[in-house]
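Using full-length UniProt numbering, you'd call the opening residue of the sequence shown number 1 and step up by one each time. Think of the CB as a built atom: it goes at the ideal place given N, C-alpha and C, for glycine as much as any other residue. Working notes, structure below.
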Amino acid sequence: MPELPEVETVANGVHERVHGARIDAVTIGPHKEPLKSTPAHIEETLTGARIERVRRVGKTIVMDVAQRNCKPAQMTVHLGMTGRLLVSKRDVPMPPHTHVTLHLHDGRDVRFVDPRRFGRVGIVDDGTAYEGPGKEPLTVSLDDFVALFKGRKTPIKSALLNQSLLHGVGNIYADESLFRAGIRPKRHAGRLTRAELTKLHAALKTVLKHAIQLGGSSVSDYVDADGVRGFFQLEHRVYSRTGEPCKDCGVPIEKIVLGGRSTHFCKNCQK
């Protein structure tokens with residue numbers, strides 16, 4: 001499932017291509033699963049609206065629009081496991097499993113495509129700004145980061161994946177950040193020292209920013225707004241490298257299941 005860097009890459013790419021554009025019409029497919037709002041509500045909100053900004057909040061893409069009556073609203077997109085948000089010329093053949101299409105005034109489309117239909121598209125137009133459930137990993141202060149884990153008995157890997165604490169961090173970047181911080185994923189979050197959490201705070205931000213620079217990790221279906229795969233998977237130190245030698249010490253990377261999630265680490269480099 002796309003994590004923070006992948007969602008950030010898609011949101012930034014879509015924003016660069018369509019901000020300021022007007023939505024002339026909306027086409028919605030027959031399947032109900034991807035829709036968090038009714039088709040009528042989506043069409044009424046977006047038709048004639050101007051796209052002001054496309055951004056990421058946690059793992060959600062948020063499209064800020066100004067409606068015809070100038071009232072602000074937002075379209076939210078969660079990519080799920082196989083979702084794509086693509087900007088295409090209208091004469092490009094429509095991909096199978098396209099569930100929502102925004103027809104722009106300049107002859108282009110914004111298309112939400114999702115073969116497995118685990119993604120979601122919805123509307124927020126109640127005057128509130130969409131906010132994620134937890135702290136933003138790229139901007140959370142060290143003090144706030146340390147406070148998130150105080151007294152928690154859960155493994156630090158599970159705490160990093162708790163979206164009510166930090167929204168946007170997923171399996172790949174939790175494993176990669178813990179490796180770079182030298183912390184084993186089964187350590188109790190509440191027992192980590194401030195020095196260890198300081199290393200993890202820095203490692204998490206470094207990993208996420210570097211992954212964004214490389215367009216995210218394409219380990220399954222993820223592509224950016226142009227349908228291009230990311231490259232951060234080439235930088236993985238532990239994730240999905242079970243049995244391969246650690247790039248720092250040569251000891252084979254191990255894999256365990258923690259909280260139902262595959263977890264990769266080096267028993268020599270992480271303590």
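When the options are compared against residue i, the one with the closest alpha-carbon
i: arginine 8; options: Met63, Arg50 and Gly48; result: Strictly speaking, residue 8 in this sequence is glutamate, with arginine absent from that position. Checked all of Met63, Arg50 and Gly48; the closest Cα to glutamate 8 is Met63.
i: glutamate 52; options: Phe149, Glu16 and Tyr239; result: Glu16
i: glutamine 74; options: Tyr130, Arg22, Val10 and Glu33; result: Tyr130
i: glycine 119; options: Lys89, Thr128, Val100 and Ile253; result: Val100
i: threonine 128; options: Thr206, Ser164, Val65 and Leu208; result: Val65
i: aspartate 109; options: Gln270, Arg241 and Val14; result: Val14
i: arginine 261; options: Ile253, Lys271, Thr242 and Ser158; result: Ser158
i: alanine 195; options: Ala181, Lys135, Arg117 and His264; result: Ala181
i: glutamate 176; options: His188, Lys135 and Phe265; result: Phe265
Where residue i falls, given that 16 or more other Cβ within 10 Å makes a residue buried
i: glutamine 213; result: exposed
i: lysine 59; result: buried
i: histidine 210; result: exposed
i: isoleucine 244; result: Note on residue identity: the sequence assigns glutamate, not isoleucine, to residue 244. It is exposed - the Cβ of glutamate 244 has fewer than 16 other Cβ atoms within 10 Å.
i: histidine 103; result: buried
i: valine 92; result: exposed
i: arginine 191; result: exposed
i: alanine 147; result: exposed
i: leucine 160; result: buried
i: proline 33; result: Correcting the residue identity first, residue 33 is glutamate in this sequence and not proline. Its Cβ having fewer than 16 others within 10 Å, glutamate 33 is exposed.
i: valine 257; result: exposed
i: threonine 139; result: exposed
i: threonine 141; result: Reading off the sequence, residue 141 comes out as serine, not threonine. Exposed, by the Cβ-count rule.
i: isoleucine 31; result: A quick correction: the sequence has histidine, not isoleucine, at residue 31. Burial call: exposed.
i: cysteine 249; result: exposed
i: lysine 135; result: buried
Between the CA atoms of residue j and residue i - distance to the nearest angstrom
i: proline 72; j: lysine 255; result: 47 Å
i: serine 218; j: histidine 236; result: No answer about serine 218 holds up, because its pLDDT of 49 lies below 50 and its placement is not dependable.
i: leucine 86; j: alanine 21; result: 15 Å
i: leucine 4; j: glycine 215; result: 11 Å
i: arginine 152; j: asparagine 162; result: 12 Å
i: glycine 168; j: lysine 36; result: 20 Å
i: valine 113; j: histidine 105; result: 21 Å
i: threonine 38; j: leucine 197; result: 44 Å
i: valine 251; j: lysine 267; result: 8 Å
i: serine 164; j: proline 2; result: 18 Å
i: tyrosine 239; j: glycine 80; result: 20 Å
i: asparagine 12; j: glutamate 6; result: 10 Å
CB of residue i within 8 Å of CB of residue j, strictly
i: proline 155; j: proline 185; result: yes
i: threonine 47; j: alanine 25; result: yes
i: serine 42; j: isoleucine 28; result: This sequence places isoleucine at residue 42; serine is not what is there. Cβ distance < 8 Å, so isoleucine 42 and isoleucine 28 count as in contact.
i: arginine 90; j: glycine 107; result: yes
i: residue 296; j: histidine 19; result: Nothing can be reported for residue 296, as the shown portion of the chain is limited to 1 through 271.
i: leucine 200; j: isoleucine 183; result: yes
i: cysteine 269; j: phenylalanine 179; result: yes
i: arginine 68; j: alanine 40; result: no
i: proline 95; j: arginine 111; result: yes
The ligand HEM heavy atom lying under 7 Å from the CB of residue i
i: alanine 211; result: Ligands are entirely absent from the displayed structure, and the ligand HEM is therefore not among its contents.
**Message:** Tell me whether the segment 112 to 125 and the segment 161 to 181 touch, counting them as touching only if at least three CB pairs, one residue from each stretch, are closer than 8 Å.
**Reply:** no
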